[in-house]
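Visitor: Structure in structure tokens, see below.
Protein chains: 2
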Amino acid sequence: MRVLGIDPGTYNMGVGVVDAHGSDLSLVHVSVLAPRRADPLPARLHAMSRGLGDLLRDLTPGSAAIEEPFVARNVRAAMAVAQAQAAAMIACAAHGLEVTGYTPRQVKQAVTDYGGSSKEQVQAMVRALLEIDHIPGPADAADALAVAICHVNAGRALELDLRE
Amino acid sequence: MRVLGIDPGTYNMGVGVVDAHGSDLSLVHVSVLAPRRADPLPARLHAMSRGLGDLLRDLTPGSAAIEEPFVARNVRAAMAVAQAQAAAMIACAAHGLEVTGYTPRQVKQAVTDYGGSSKEQVQAMVRALLEIDHIPGPADAADALAVAICHVNAGRALELDLRE
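Residue numbers (our numbering), protein chains in the order written: chain A, 1 to 164; chain B, 1 to 164.
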């Protein structure tokens, strides 16, 4: 099972793809889509949506997960993340890919077994699970991998439920 | 000058297109893009973005304006509108069309000369300015025309400023 994880931000979109064979996870791709900050918002959203679409064509994940924007105290910030999330969802829908949303807490819980983990603890666990020494790129990229791993685990949990 | 106005909503996107020749305005198109409510959010956003893209291809406006989501007390509602706005902006950017944002108050001010106008007053003024007896479709459609007219007036005001 190849799973796409997306971490949408105001100016960046973290994208991570992992393959899951049973309980084995391996890193397929990790990157950050970062349009030029000076570009107008519509151009940046379009660039992120198109960039993600290109990755979907190349990597053909079978499933996608996205981090839900937390409802921030700063409404403007939450709306900006919602717009980046929309750009990602449009690219996924254009490729017939369903998207599941997870809260930051759900992602942390799934990856580290504790919803209150620090960013560093999540990154350490992502490295351990993927058996890599170093996650390339900035922190958004690691977060996207955590979202993908969360989705793999949620699917596995669902399978276990169905078997019971 | 052919101007596109967009009124993004949670489930609907109002789209209005007007032609402006000097101070003469005429109605070119008005509709509401309304994906099936039962569809998942990514599919709905994609449908709105693609539907707007089709209209842009057919109607080739030279300029676009969008109503900014007000920062609602209900953050979830504001985020939903922000996502629809993103879908519209992505379609415009894909067609090389710049998008200008206006607050609801700016739209009312531009159309009726009073920022506190009621929905009915805005609609009456839109009908008068376009010299039509009836605005087809639901209220979102009329709002989209008001956004387009606001953008025409803003452009005219800018021209006047430049001439002074």
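Even glycine gets a Cβ: it sits at the ideal position worked out from N, Cα and C.
State yes or no: is the C-beta of Leu25 of chain B within less than 8 Å of the C-beta of Leu97 of chain B?
Guide: As a first step, residue 25 of chain B is located in the second sequence; it is residue number 25 there, counting from the start. As a first step, residue 97 of chain B is located in the second sequence; it is residue number 97 there, counting from the start. The answer is no: Cβ separation not under 8 Å.
Visitor: Comparing alpha-carbon positions, which option in B:Glu67, B:Leu33, B:Arg37 and B:Ser63 lies nearest Leu52 of chain B?
Guide: Locating residue 52 of chain B in the second sequence gives position 52, where the first residue counts as 1. Residue B:Leu33 is the option with its Cα nearest to Leu52 of chain B.
Visitor: Compute the Euclidean distance between the alpha carbons of Glu67 of chain B and Gly115 of chain A, then round it to the nearest angstrom.
Guide: Looking up residue 67 of chain B in the second sequence gives position 67. Looking up residue 115 of chain A in the first sequence gives position 115. Computed Cα separation, rounded: 38 Å.
Visitor: Rounded to the nearest angstrom, what separates Gly14 of chain B and Thr100 of chain B at their Cα positions?
Guide: Position 14 of the second sequence holds residue 14 of chain B. Position 100 of the second sequence holds residue 100 of chain B. So the two alpha carbons sit approximately 16 Å from each other.
Visitor: Am I right that Ala93 of chain A and Leu56 of chain B are in contact with their C-beta atoms under 8 Å? What's the rounded C-beta distance?
Guide: Locating residue 93 of chain A in the first sequence gives position 93, counting from the first residue. Locating residue 56 of chain B in the second sequence gives position 56, counting from the first residue. Incorrect: roughly 19 Å between the Cβ atoms, too far for contact.
Visitor: Work out the CA separation of Gly62 of chain A and Asp140 of chain B for me, nearest whole Å.
Guide: On the second sequence, residue 140 of chain B is found 140 positions in, with the first residue counted as 1. On the first sequence, residue 62 of chain A is found 62 positions in, with the first residue counted as 1. Asp140 of chain B and Gly62 of chain A: Cα-Cα distance of roughly 37 Å.
Visitor: Extract the residue ranges of the beta strand (DSSP E) inside the segment 41-99 of chain A, only unbroken runs of 3 or more that lie entirely within it.
Guide: Listed in chain order, the complete beta strand (DSSP E) runs (minimum 3 residues) inside the segment 41-99 of chain A are 63-67.
Visitor: Which class does Pro8 of chain B belong to by DSSP, given the choice of helix, strand or coil?
Guide: Counted from its first residue, the second sequence places residue 8 of chain B at position 8. In this structure, Pro8 of chain B counts as strand in the three-state DSSP scheme.
Visitor: Helix, strand or coil for Ala110 of chain B per DSSP?
Guide: To locate residue 110 of chain B, count along the second sequence from 1; it is residue 110. The answer is helix: DSSP assigns Ala110 of chain B an H, G or I state.
Visitor: Where does the unbroken alpha helix (DSSP H) through Ala38 of chain B begin, and where does it stop?
Guide: Here residue 38 of chain B is taken as the residue at index 38 of the second sequence, counted from 1. It is not in any alpha helix (DSSP H) - Ala38 of chain B carries neither H nor E in the DSSP assignment.
Visitor: Which one of A:Ala80, A:Val18, A:His134 and A:Tyr11 has the shortest CA to CA distance from Ala38 of chain A?
Guide: Taking the first sequence and counting its residues from 1, one reaches residue 38 of chain A at position 38. Among A:Ala80, A:Val18, A:His134 and A:Tyr11, the Cα nearest to that of Ala38 of chain A belongs to A:Tyr11.
Visitor: Residues of the segment 80-96 of chain B in Cβ contact with chain A at a cutoff of 9 Å, in chain order, please.
Guide: Under the 9 Å Cβ criterion, the segment 80-96 of chain B contributes Ala80, Val81, Ala82, Gln83, Ala84, Gln85, Ala86, Ala87, Ala88, Met89, Ile90, Ala91, Cys92, Ala93 and Ala94.
Visitor: Which runs of the alpha helix (DSSP H), 4 residues or longer, sit entirely within the segment 108-143 of chain A?
Guide: Counting whole runs of 4 or more residues, the segment 108-143 of chain A contains the alpha helix (DSSP H) stretches 119-130.
Visitor: Taking DSSP's pairing of strands, which residues face Val32 of chain B in a bridge?
Guide: The residue you call residue 32 of chain B lines up with position 32 of the second sequence. DSSP output for Val32 of chain B lists B:Gly14 as bridge partner(s).
Visitor: From B:His151, B:Met1 and B:Gln85, pick the residue whose C-alpha is nearest to that of Pro69 of chain B; which is it?
Guide: To locate residue 69 of chain B, count along the second sequence from 1; it is residue 69. Minimum Cα distance to Pro69 of chain B is reached at B:Gln85.
Visitor: Using the beta-carbon of each residue, which ones in chain B are nearer than 7 Å to Ala43 of chain A?
Guide: Sequence index remark: in the first sequence, residue 43 of chain A carries index 43 (1-based). Those are Ala93, listed as they occur along chain B.
Visitor: Restricting to Cα atoms, I'd like to know which of A:Val17, A:Asp7 and A:Gly9 is closest to Val152 of chain A.
Guide: If you number the first sequence from 1, residue 152 of chain A lands on position 152. Checking every option, the nearest Cα to that of Val152 of chain A belongs to A:Val17.
Visitor: Any C-beta of chain A sitting closer than 8 Å to the C-beta of Val99 of chain B?
Guide: As a first step, residue 99 of chain B must be located in the second sequence, where it is residue number 99. Answer yes: the Cβ-Cβ gap between Val99 of chain B and chain A drops below 8 Å somewhere.
Visitor: Which residues, in order along the segment 12-31 of chain A, keep a beta-carbon less than 8 Å from a beta-carbon of chain B?
Guide: Within the segment 12-31 of chain A, no residue has a Cβ that lies closer than 8 Å to any Cβ of chain B.
Visitor: Is the Cβ-Cβ distance between Leu4 of chain A and Ala47 of chain A less than 8 Å?
Guide: In the first sequence, the residue the question calls residue 4 of chain A occupies position 4. In the first sequence, the residue the question calls residue 47 of chain A occupies position 47. Cβ distance not < 8 Å, so Leu4 of chain A and Ala47 of chain A don't count as in contact.
Visitor: Quick one, are the C-beta atoms of Ile90 of chain B and Pro42 of chain A less than 8 Å apart?
Guide: As a first step, residue 90 of chain B must be located in the second sequence, where it is residue number 90. As a first step, residue 42 of chain A must be located in the first sequence, where it is residue number 42. In this structure, Pro42 of chain A lies closer than 8 Å to Ile90 of chain B by Cβ.
Visitor: Rank B:His21, B:Asn74 and B:Met79 by C-alpha distance to the C-alpha of Pro8 of chain B and give the top, closest one.
Guide: For the purposes of this step, residue 8 of chain B is taken as residue 8 along the second sequence, with counting starting at 1. The shortest C-alpha separation from Pro8 of chain B is found at B:Met79.
Visitor: Taking Ser49 of chain A as the reference, give the member of A:Ala87, A:Val75 and A:Val30 with the closest Cα.
Guide: Numbered from 1 along the first sequence, position 49 holds the residue referred to as residue 49 of chain A. When only C-alpha atoms are compared, the closest one is A:Ala87.
Visitor: How many Å lie between His200 of chain A and Met1 of chain A at the Cα?
Guide: Only positions 1 to 164 of chain A appear in the structure, and residue 200 of chain A is not among them; the question remains open.
Visitor: Can you tell me whether Ala142 of chain B is buried or exposed, with buried defined as 16 or more other CB within 10 angstroms of its CB?
Guide: In the second sequence, counting from the first residue as 1, residue 142 of chain B sits at position 142. Flag for Ala142 of chain B reads buried.
Visitor: Quick one: is Leu59 of chain B buried, meaning 16 or more other Cβ sit within 10 Å of its Cβ, or exposed?
Guide: Counted from its first residue, the second sequence places residue 59 of chain B at position 59. Flag for Leu59 of chain B reads exposed.
Visitor: Taking C-beta to C-beta, are Ile149 of chain B and Val30 of chain B nearer than 8 Å?
Guide: Numbered from 1 along the second sequence, position 149 holds the residue referred to as residue 149 of chain B. Numbered from 1 along the second sequence, position 30 holds the residue referred to as residue 30 of chain B. Not a contact, by the Cβ cut-off of 8 Å.
Visitor: Which word fits Pro35 of chain A, buried or exposed, when buried means at least 16 other C-beta atoms lie within 10 angstroms of its C-beta?
Guide: Locating residue 35 of chain A in the first sequence gives position 35, counting from the first residue. So Pro35 of chain A ends up on the buried side.
Visitor: Smallest Cα separation from His95 of chain A: which of A:Asp54, A:Gly137 and A:Pro40?
Guide: Reading the first sequence from its first residue, position 95 is the one you call residue 95 of chain A. Of the listed residues, the one whose Cα sits closest to His95 of chain A is A:Asp54.
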